[in-house]
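Quick note: the sequence shown, position 58, residue 58 per our numbering, numbers continuous. Glycine residues also receive a C-beta, built at the ideal position from the N, C-alpha and C atoms. Quick caveat, the model's predicted, so the values are computed rather than measured. Worksheet: one structure, shown below.
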Amino acid sequence: MTAVAGIDVGGTKCLGVLFEGGEIVNSVRRPTPHADHLVSTLAEIARELGQYKTLGIGVPGLITPTGVVRESPNLTGAIELDLRTLLQKELGHVIDVENDATCAAHAEWQYGA
Numbered sequence: 001m002t003a004v005a006g007i008d009v010g011g012t013k014c015l016g017v018l019f020e021g022g023e024i025v026n027s028v029r030r031p032t033p034h035a036d037h038l039v040s041t042l043a044e045i046a047r048e049l050g051q052y053k054t055l056g057i058g059v060p061g062l063i064t065p066t067g068v069v070r071e072s073p074n075l076t077g078a079i080e081l082d083l084r085t086l087l088q089k090e091l092g093h094v095i096d097v098e099n100d101a102t103c104a105a106h107a108e109w110q111y112g113a
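Structure below.
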């Protein structure tokens with residue numbers, strides 16, 4: 001399996017995409033929930049995307065290197081939310097959680113503007 005997945009947690013929507021061979025092969029969109037339902041919403045998106053070898057999630061705000069959302073301007077109530085650990089337990093595999101701007105910068109560095 002060579003597919004990889006990513007989810008962007010935005011102010012109004014969460015958008016998940018599945019890439020294989022450099023092409024988007026599936027996408028799933030949901031309204032951005034309150035922090036109380038964030039883990040279940042992201043897990044639902046991840047499952048609907050299909051099979052992938054790795055999943056990265058971009059979240060606005062201050063994100064620790066261990067995937068804890070310290071605070072997010074768009075996610076009411078998301079303070080000290082251990083998103084990576086909670087999602088890894090829910091989905092059963094390793095996940096990377098980063099600041100959304102860091103994700104965008106990394107993508108531009110890898111693939112160009």
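Contact defined as beta carbons within less than 8 Å: I believe residue i pairs with residue j. What is the distance between those atoms, to the nearest angstrom?
| i | j | result |
| --- | --- | --- |
| GLY58 | GLU98 | 6 Å |
| GLY16 | ILE7 | 4 Å |
| LEU49 | CYS14 | Contact doesn't hold; Cβ gap of about 12 Å is too wide. |
| GLY67 | LEU83 | 6 Å |
| LEU200 | ALA5 | As shown, the chain starts at 1 and ends at 113. That puts residue 200 outside it, with no answer to give. |
Would you tell me roughly how many angstroms separate the C-alpha atoms of residue i and residue j, rounded to the nearest one?
| i | j | result |
| --- | --- | --- |
| GLU80 | GLU20 | 33 Å |
| ALA3 | ALA46 | 13 Å |
| GLU90 | TRP109 | 31 Å |
| GLY92 | ALA113 | 33 Å |
| PRO31 | THR12 | 6 Å |
| GLU44 | VAL28 | 9 Å |
| THR64 | VAL9 | 16 Å |
| PRO33 | ASN74 | 10 Å |
| ALA101 | GLN88 | 22 Å |
| ARG70 | THR85 | 14 Å |
List the residues that DSSP assigns as beta-bridge partners of residue i.
| i | result |
| --- | --- |
| ASP82 | VAL68 |
| VAL17 | GLY6, SER27 |
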